[in-house]
Structures are given as C-alpha cells and as structure tokens.
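Presented below is the structure to which this report refers.
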Amino acid sequence: MKIKLLILILLCANLLNAQSYKYAHYCLDSLISKDFKGRGYFEDGDRVAANFIERELIKNGVKTVKNNPYQQKLPININNIESVKLKLNSK
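Numbering of the sequence shown is given in my numbering, commencing with residue 28 and proceeding in unit increments.
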C-alpha cells in the first residue's frame, strides 16, 4: 500500500507545474542583460535589478510581510581605487 501511494504521489507531482522554465529563463536573461549593468552599484545597475525583481514579485501576487516595502535600504561599503601602478620586473 505504501509503495502504491508513493508511486501515485510521484506521478501526480510530475503533473504539477509550480515553476515555468520559460519564465525562469526570462527572469535570468533579463537580470544578466546589459541593461542591468552587471547589477552593481555603478551606473545604478543594482537599482534597475531591484526594480525589476519588485515588479515581478508584484506581478506574481507575492505579498509583503507586515506591509513592509519589497525593497529595503541597506548600507554598502564601496572600494574606490583612485589610481593604480603596475610594476614588472622591478621596473
């Protein structure tokens, strides 16, 4: 009986489409596109990516926790290299 139940569950699970491969590829292709500028803070790529993710969450009906916004402000440390020198063979 347990084996029959397990087989039934596995067969039914295959029929469920909780995720769409096309939608996942759409999201990934969007996030890795040049429009998002590497998703880094330079040229506001992080904001573009955050806005895209927020729109997708809203579009998919994801509710926020306790009416908090989808996006959260977080401090970020930035390494800013002013100049670089390269030395090869002590020259």
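Glycine residues also receive a C-beta, built at the ideal position from the N, C-alpha and C atoms.
A quick note: this is a predicted structure, and the numbers were derived from the prediction, not measured.
Contacts around residue i, its chain only, beta-carbon distance under 7 Å, and the 5 residues preceding and following it disregarded
i, result
"Leu-18", "Because the chain here runs from 28 to 118, residue 18 falls outside it and cannot be looked at."
"Ile-105", "Tyr-68"
Span of the alpha helix (DSSP H), counted from its first residue to its last, around residue i
i, result
"Tyr-48", "48-58"
"Val-75", "72-86"
Top-ranked residue by Cα proximity to residue i, from the options
i, options, result
"Leu-101", "Ile-108, Ala-77, Lys-86 and Lys-29", "Ala-77"
"Asn-107", "Arg-74, Asn-95, Asp-73 and Tyr-68", "Tyr-68"
"Phe-53", "Lys-114, Lys-90, Lys-112 and Phe-79", "The question names Phe, yet the displayed sequence has Tyr at residue 53. With distances taken between Cα atoms, Tyr-53 lies closest to Phe-79."
"Ser-60", "Lys-49, Gly-72 and Tyr-50", "Gly-72"
Chain D within 8 Å of residue i, Cβ atoms only
i, result
"Ser-117", "Absent from the structure is chain D; it holds one protein chain and no more."
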